[in-house]
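Trainee: So the sequence shown is residues -23 to -1, 1 to 387, counted in mature numbering (1 follows the signal peptide of the UniProt record, and there is no 0).
Virtual Cβ for every residue (Gly too), placed ideally from N, Cα, C.
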Amino acid sequence: MSAVTASLCSTLLFVGLFVFVSADQENITAKSGQNVTLTCRAPNSNIRAIEWSRADLGDKYVLLYRDGHFDAANQHPSFKNRSDLQDRQMKDGDVSLILKNVMTADNGTYKCRVIMSGTNNEHICNITLSVVDPPVLISLLSSTTNQARLTVSPSSSQFFKEDFVSLSCEEDDSSAGWTLRTNNKITQCGDGWGRWSGSSCDITVYPWDSGVYWCESREGPISNMVNLTVTGGSVILQSPVLPVMEGDDVTLLCKTKTTPSNLPAAFYKDGSLIRKQPTGHMTIQHVSRSDEGLYKCDISGHGESPSSWITVTDKHTTTPPPTSTPPPTSNSPLVLSVLSCVGSVCVVALLVLLVLLVRRCVHRKPEESDPPVIYSAVRTEDISYGQITIRPKRTRDFKPEPDVIYSSLK
């Protein structure tokens, strides 16, 4: 093998290994409120810069480190005091990121770009984070004590930055004093956040407005909860904001902020490709519990949407109230018809039995009599003698006759 060929093979091998490391992607699923570690490791600790970013954050970073300092000025506001390196000394090239108190707004693909000192080499890690908390959401939505219902207009679980959203508490009892709350920003509507318009709270949303919303009263009960995700990116997935019922059809729409919403899009569930649609929307027909999960979409050249959880609830069946039905009496038509059928069967059975008996008697053969005894050539030695005693009746008018009469045979 020539030196040129060997050098070329070595170069291709190095490039192949580099591409393999760069393309490596990890998927992590976490529950809301947990601390999550996004693992990334550089070849060594000679690190000049670390860029942890997410596509929908624009020119801001989840965490930025360069030239020996952490750059807080270019950090996105939603990650301030929530993100840090697992090891600030970066021993053995450990540049893993810790995210504290994660929420659904943190869903997305995180990119770790490491620039090594003294070279132009870069190391890249891609990690997709999915934050869900379906058990709590399901239990609260299925509560029968809710006295208000929170609705969202437009009806979607994802919005672009600076979209206009209206949240409304449709209450059964106007005297309950319902207010709108969010767990991401514990404040009431109108208190420096949103403004009331009748029974609705109108908001111009930003990424830090992502979170869980509900209506709350002074008496304590709460309404259903809704998860809203606001992205600074260019693609969102419009999906049902409330749980859908088993058997219903669900349409998902993948749309961009500035272009028509009929571009080809790929749809994913729990990180796996479902299918690609040429018009940007996908319908799931007759949904079942197996369709429940985390959905997102991707439009080539524009990016991917955040992930949204779709909850599927059991189909409620209406059961008629129990009625008090008295047991049928002997005079009821049902009982009479049953008795009539049973009687008819018994009569037919008896008739058949009688016919069989008659036929048996008629066709029975007469019994054969004993064959007549014919005596021929009787000899004296063949004859036995017997003594017969005849006792006369005792009467008063006649004298007794001789007791024995002898007879002889020749």
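Who are the near neighbours of Asn23 in its chain, counting only those whose CB is closer than 6 Å to its CB and skipping five residues on each side?
Mentor: As a first step, residue 23 is located in the sequence shown; it is residue number 46 there, counting from the start. Result list for Asn23: Met93 and Ser94, in chain order.
Trainee: Does Glu3 pass the burial test, meaning 16 or more other C-beta atoms within 10 Å, or should it be called exposed?
Mentor: In the sequence shown, residue 3 corresponds to position 26, counting from 1. Exposed.
Trainee: Hey, out of Cys192, Val227, Thr236 and Val79, whose CA is closest to Ser107's CA?
Mentor: On the sequence shown, position 130 is the one that residue 107 refers to. When only C-alpha atoms are compared, the closest one is Val79.
Trainee: May I ask you to report which of helix, strand or coil DSSP gives Cys323?
Mentor: By one-based count along the sequence shown, residue 323 stands at place 346. Taken through DSSP and simplified to helix, strand or coil, Cys323 comes out as helix.
Trainee: Check each candidate in Pro237, Lys234, Val182 and Val218 and name the one with the smallest Cα separation from Thr228.
Mentor: To locate residue 228, count along the sequence shown from 1; it is residue 251. Of Pro237, Lys234, Val182 and Val218, the residue nearest in Cα terms is Val218.
Trainee: Taking the alpha-carbon positions, what's the Ile101 to Ala26 distance?
Mentor: Here residue 101 corresponds to residue number 124 of the sequence shown, with the count starting at 1. Here residue 26 corresponds to residue number 49 of the sequence shown, with the count starting at 1. About 12 Å.
Trainee: One question on the structure: do Gly270 and Ile287 come within less than 8 Å of each other, judged by their Cβ atoms?
Mentor: Reading the sequence shown from its first residue, position 293 is the one you call residue 270. Reading the sequence shown from its first residue, position 310 is the one you call residue 287. Yes; because the gap between Cβ atoms is below 8 Å, this pair is in contact.
Trainee: In terms of alpha-carbon separation, which member of Asn204, Lys68 and Lys138 lies closest to Thr128?
Mentor: Here residue 128 refers to the residue found at position 151 of the sequence shown. The shortest C-alpha separation from Thr128 is found at Asn204.
Trainee: Note down, one range per segment and in chain order, each beta strand (DSSP E) of at least 3 residues found wholly within the stretch 193 to 271.
Mentor: 203 to 208, 212 to 215, 227 to 233, 242 to 246, 249 to 254 and 258 to 261
Trainee: Just the Cα atoms here: how many angstroms apart are Met48 and Leu40?
Mentor: On the sequence shown, residue 48 is found 71 positions in, with the first residue counted as 1. On the sequence shown, residue 40 is found 63 positions in, with the first residue counted as 1. The residue asked about is misnamed: residue 48 is Asp in this sequence, not Met. Roughly 8 Å separates the two Cα atoms.
Trainee: Taking all protein chains shown into account, decide if Lys77 is buried (16 or more other Cβ within 10 angstroms of its Cβ) or exposed.
Mentor: As a working note, residue 77 is residue 100 in the sequence shown. The residue is exposed, with fewer than 16 neighbouring Cβ atoms inside 10 Å.
Trainee: Can you tell me the Cα-Cα spacing of Leu144 and Ser238, whole angstroms?
Mentor: Against the sequence shown, residue 144 aligns to sequence position 167. Against the sequence shown, residue 238 aligns to sequence position 261. Rounded to the nearest whole angstrom, the CA to CA distance from Leu144 to Ser238 is 24 Å.
Trainee: Within the same chain, show all residues whose beta-carbon is closer than 6 Å to that of Ile261, passing over the 5 residues directly before and after it, in chain order.
Mentor: On the sequence shown, position 284 is the one that residue 261 refers to. Result list for Ile261: Val227 and Asp268, in chain order.
Trainee: Could you give the DSSP three-state label for Gly95: helix, strand or coil?
Mentor: As a position in the sequence shown, residue 95 is number 118, starting the count at 1. Gly95 falls in the coil class under three-state DSSP.
Trainee: Helix, strand or coil for Thr290, going by three-state DSSP, please let me know.
Mentor: To locate residue 290, count along the sequence shown from 1; it is residue 313. Three-state DSSP puts Thr290 in a strand.
Trainee: Counting C-beta neighbours from all protein chains within 10 Å, is the total for Ala19 16 or more, i.e. buried, or is it exposed?
Mentor: Along the sequence shown, read from residue 1 onward, the residue named residue 19 stands at position 42. Flag for Ala19 reads buried.
Trainee: Report back the beta-carbon spacing between Ile180 and Val221 to the nearest angstrom; my notes put them in contact at under 8 Å.
Mentor: The sequence position of residue 180 within the sequence shown is 203, counting from 1. The sequence position of residue 221 within the sequence shown is 244, counting from 1. So it is not a contact: roughly 24 Å between Cβ atoms.
Trainee: Rounding to the nearest angstrom, what Cα-Cα distance links Ser258 and Thr235 in this structure?
Mentor: Numbered from 1 along the sequence shown, position 281 holds the residue referred to as residue 258. Numbered from 1 along the sequence shown, position 258 holds the residue referred to as residue 235. Looking at the sequence shown, residue 258 is not Ser but His. Answer to the nearest angstrom: the Cα atoms are 17 Å apart.
Trainee: With a 10 Å radius around its C-beta and 16 neighbouring C-beta atoms as the bar for buried, classify Ser152 as buried or exposed.
Mentor: Position 175 of the sequence shown holds residue 152. Any reading at Ser152 must be qualified, since the residue scores a pLDDT of 45, below 50, and its modelled position is unreliable; no value is offered.
Trainee: Work out the CA separation of Leu34 and Thr206 for me, nearest whole Å.
Mentor: For this step, residue 206 is matched to residue 229 along the sequence shown. For this step, residue 34 is matched to residue 57 along the sequence shown. Each residue's alpha carbon lies about 13 Å from the other.
Trainee: Could you check which residue in Arg43, Ser177 and Lys292 has the C-alpha nearest to that of Met67?
Mentor: For the purposes of this step, residue 67 is taken as residue 90 along the sequence shown, with counting starting at 1. Minimum Cα distance to Met67 is reached at Arg43.
Trainee: Residue range of the beta strand (DSSP E) that Thr15 falls in?
Mentor: Here the question's residue 15 lines up with position 38 in the sequence shown. According to the sequence provided, residue 15 is Leu. The question's Thr does not apply to it. Counting along the chain, the beta strand (DSSP E) containing Leu15 begins and ends at Val13 to Leu15.
Trainee: For Thr96, does the count of other Cβ atoms within 10 angstroms reach 16, so buried, or fall short, so exposed?
Mentor: As a position in the sequence shown, residue 96 is number 119, starting the count at 1. Result: exposed.
Trainee: Alpha carbon to alpha carbon, what distance is there between His46 and Tyr190?
Mentor: Walking along the sequence shown from the start, residue 190 turns up at place 213. Walking along the sequence shown from the start, residue 46 turns up at place 69. Cα to Cα, Tyr190 sits roughly 37 Å from His46.
Trainee: Does the beta-carbon of Lys232 have 16 or more other beta-carbons within 10 angstroms, so that it is buried, or is it exposed?
Mentor: Position 255 of the sequence shown holds residue 232. Flag for Lys232 reads buried.
Trainee: Please return the same chain residues whose Cβ sits closer than 6 Å to the Cβ of Leu240, not counting the five positions on each side in sequence.
Mentor: To locate residue 240, count along the sequence shown from 1; it is residue 263. Excluding residues within five positions, the ones whose Cβ falls inside 6 Å are Gly257 and Ile276.
Trainee: Over what stretch of residues does the beta strand (DSSP E) that includes Leu34 continue unbroken?
Mentor: Counting from 1 along the sequence shown, the entry for residue 34 is found at position 57. First-last for Leu34: undefined, no H or E at that position.
Trainee: Can you list, in chain order, the residues of its chain with a C-beta nearer than 6 Å to that of Gly224? Leave out the 5 residues immediately preceding and following it.
Mentor: As a first step, residue 224 is located in the sequence shown; it is residue number 247 there, counting from the start. If we look at Gly224 and ignore the five residues flanking it on each side, its Cβ neighbours are His263 and Lys292.
Trainee: Going by Cα to Cα distance, which pick from Ile75, Ser177 and Asp64 is closest to Asn12?
Mentor: Taking the sequence shown and counting its residues from 1, one reaches residue 12 at position 35. The shortest CA-to-CA distance from Asn12 to any of Ile75, Ser177 and Asp64 is the one to Ile75.
Trainee: Give the range of the beta strand (DSSP E) segment to which His178 is assigned.
Mentor: Within the sequence shown, residue 178 is the residue found at index 201, counting from 1. Checking the sequence shown, residue 178 turns out to be Cys, not His. Where Cys178 is concerned, the enclosing beta strand (DSSP E) stretches over Ser177 to Thr181.
Trainee: Put Lys68 into one of helix, strand or coil per three-state DSSP.
Mentor: As a first step, residue 68 must be located in the sequence shown, where it is residue number 91. Three-state DSSP puts Lys68 in a helix.
Trainee: Using the DSSP secondary-structure output, state which residues sit across from Val189 in a beta bridge.
Mentor: Residue mapping note: residue 189 aligns to position 212 of the sequence shown, counting from 1. By DSSP's assignment, Val189 forms a beta bridge with Asn204.
Trainee: I'd like to confirm the pairing. Which residues does DSSP put opposite Phe56 in its beta bridges?
Mentor: The residue you call residue 56 lines up with position 79 of the sequence shown. Looking at the DSSP assignment, Phe56 forms no beta bridge with any residue, so it has no partner.
Trainee: Which residues share a DSSP beta bridge with Gln135?
Mentor: In the sequence shown, counting from the first residue as 1, residue 135 sits at position 158. In DSSP, Gln135 forms a bridge with Thr206.
Trainee: Note down the Cα distance separating Thr302 from Gly320, rounded to an integer number of angstroms.
Mentor: Position 325 of the sequence shown, counted from the first residue, corresponds to residue 302. Position 343 of the sequence shown, counted from the first residue, corresponds to residue 320. Reliability of the predicted coordinates at Thr302 is poor, the pLDDT of 39 falling under 50, and the value obtained from them is presented with this limitation in mind. Each residue's alpha carbon lies about 28 Å from the other.
Trainee: What residue from Thr105, Ile199 and Glu28 has the CA that sits closest to Ser249's CA?
Mentor: Here residue 249 is taken as the residue at index 272 of the sequence shown, counted from 1. Cα-wise, what sits closest to Ser249 is Thr105.
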